[in-house]
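**Q**
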Amino acid sequence: WHLGFCNEKYTPTRRGFDSFYGILSGSNDHYTHELGSPVPVSFSNKLFLNSSLKGSLKSSLKVSVQTYFQGVDFRFNETSWKDDLRMYSTHAYTKRGLDIIRRHDPSTPLFMYMSYQAPHMPIDVPKRYADKFRHVEMQERRKYLGMVSAIDESVGTITRALRTSKLMNNLLLIFTSDNGGNPYYGGNNWPLRGAKTSNWEGGTRVPTFVYSETLLQRKKTTTNEMMHMIDWMPTLLEVAGRKPVYGIDGRSQWRMISRGTLSSREELVYNIESNSGKGAIRVGDYKLLIGKPGMQNDWYPPSRRYSRAQDEV
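Quick look at the structure:
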């Protein structure tokens with residue numbers, strides 16, 4: 001989910017989804033599904049904490065506001081789920097996706113959001129996937145590529161299930177990402193500059209493909225037109241024949257995607273961070289970045305070994 005959970009109103013099944021299977025936080029272990037990196041207690045809530053843990057945290061908060069907690073964060077709807085503990089996250093999500101597809105009535109609409117946790121850290125994958133890339137020198141990179149390979153396999157499995165269930169005739173399949181790779185954890189954005197957490201193209205430009213057997217007028221084409229992540233909602237509304245939502249920044253890009261026309265936008269605000277003073281905007285082919293660029297402010301060729309100590313802070 002990774003979109004906030006300060007209270008129940010911000011969890012998936014309270015935000016329009018009929019069901020939810022997965023984690024609310026991020027950086028969880030791919031097998032145990034425990035929170036893989038500490039989260040400040042200031043962001044915690046009763047969804048995580050049991051009564052005994054609440055008491056200990058309350059006591060420790062008197063000493064320091066930098067208290068952290070960890071624990072298993074894996075849910076089926078709004079209930080903790082333990083049946084699939086020890087199953088690799090990509091395989092677990094694919095298993096749930098297949099179950100939804102096989103149970104779905106083909107005569108009714110379907111919106112399925114498959115948000116794989118991989119290849120996010122911690123970098124880990126079953127050995128058989130990493131072994132496909134033994135020629136890669138860096139261990140972290142081998143595992144990262146293995147994680148991507150496991151996703152590729154799962155996308156194929158999901159696609160075959162959709163076809164078997166006769167759901168492909170009027171279906172739009174979108175594959176995209178939320179940010180560029182992190183070179184410290186096996187990612188690589190070459191030849192783009194920068195990486196995840198930066199406003200450089202390496203941190204913000206991601207590959208995307210759209211597939212449909214019936215809805216696209218132009219197929220097997222490539223475009224470098226401008227599109228923002230917030231454009232997906234109005235785009236999907238147009239595909240579904242629904243009225244556009246006014247007062248939002250997103251714009252439908254369906255004509256660009258389906259017909260190969262120009263983008264419906266000429267400018268793009270990447271991000272404006274009030275806490276760090278960073279921001280970026282692009283107008284046409286020109287891009288302006290403000291504030292300190294921060295870490296990962298360089299080009300990272302595939303052969304380079306990355307070191308935080310050598311990078312700009």
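Counting with full-length UniProt numbering, you get residues 1 to 313 for the letters of the sequence shown.
By construction, the Cβ of each residue, glycine as well, lies at the ideal position given by its N, Cα and C atoms.
1. Cutting at 8 Å between CB atoms, please list the residues of its own chain near Ala150, excluding the five before and the five after it.
2. What are the start and end residues of each continuous alpha helix (DSSP H) run of 4 or more residues lying completely inside the stretch 113 to 149, in chain order?
3. Is it buried or exposed for Ala240, if we count other Cβ within 10 angstroms and need 16 for buried?
4. Report the option in Thr32, Phe76 and Asn199 whose CA atom is closest to the CA atom of Gly22.
5. Check residue 314 in the structure and name its three-state DSSP category.
6. Excluding the five sequence neighbours on either side, which residues of its own chain have a C-beta within less than 6 Å of the C-beta of residue 315, listed in chain order?
7. Could you tell me the boundaries of the beta strand (DSSP E) in which Arg15 lies?
8. Between the C-alpha atoms of Lys4 and Ile248, what's the straight-line distance to the nearest angstrom?
9. Where do the N-terminal and C-terminal ends of the beta strand (DSSP E) with Glu273 fall, by residue?
10. Excluding the 5 residues preceding and the 5 following Gly187 in the sequence, name in chain order all residues of the same chain whose CB lies nearer than 6 Å to its CB.
11. Who are the Cβ neighbours of Thr176 in its own chain at under 7 Å, not counting the five residues just before and after it?
12. For Ile290, count neighbouring Cβ atoms within 10 angstroms of its own Cβ and tell me buried if that reaches 16, exposed if not.
13. May I ask you to report which of helix, strand or coil DSSP gives Ala280?
14. The beta strand (DSSP E) with Tyr210 in it runs from where to where?
15. What would DSSP say about Tyr93, mapped onto helix, strand or coil?
16. Determine whether the beta carbon atoms of Tyr300 and Trp190 lie at a separation below 8 Å.
17. Along the alpha helix (DSSP H) that carries Ile257, what are the first and last residues, could you check?
18. Pull up the distance between the alpha-carbon of Gln139 and that of Gly202, whole angstroms please.
**A** The answer reads as follows:
1. Tyr88, Thr90, His91, Ala118, Val125, Pro126 and Tyr129
2. 127 to 130
3. exposed
4. Phe76
5. One cannot answer for residue 314 here, as it falls past the ends of the chain, which runs 1 to 313.
6. With the chain covering only 1 through 313, there is no way to say anything about residue 315.
7. Here Arg15 belongs to no beta strand (DSSP E), and DSSP marks it neither H nor E.
8. The sequence as given places Gly at residue 4; Lys does not occur at that position. Near 20 Å, if we compare the C-alpha coordinates of Ile248 and Gly4.
9. Glu267 to Glu273
10. Gly181
11. Val206 and Thr208
12. exposed
13. strand
14. Tyr is not the amino acid found at residue 210; the sequence shown has Val there. Unbroken beta strand (DSSP E) run through Val210: Phe209 to Tyr211.
15. helix
16. yes
17. Trp254 to Arg259
18. 22 Å
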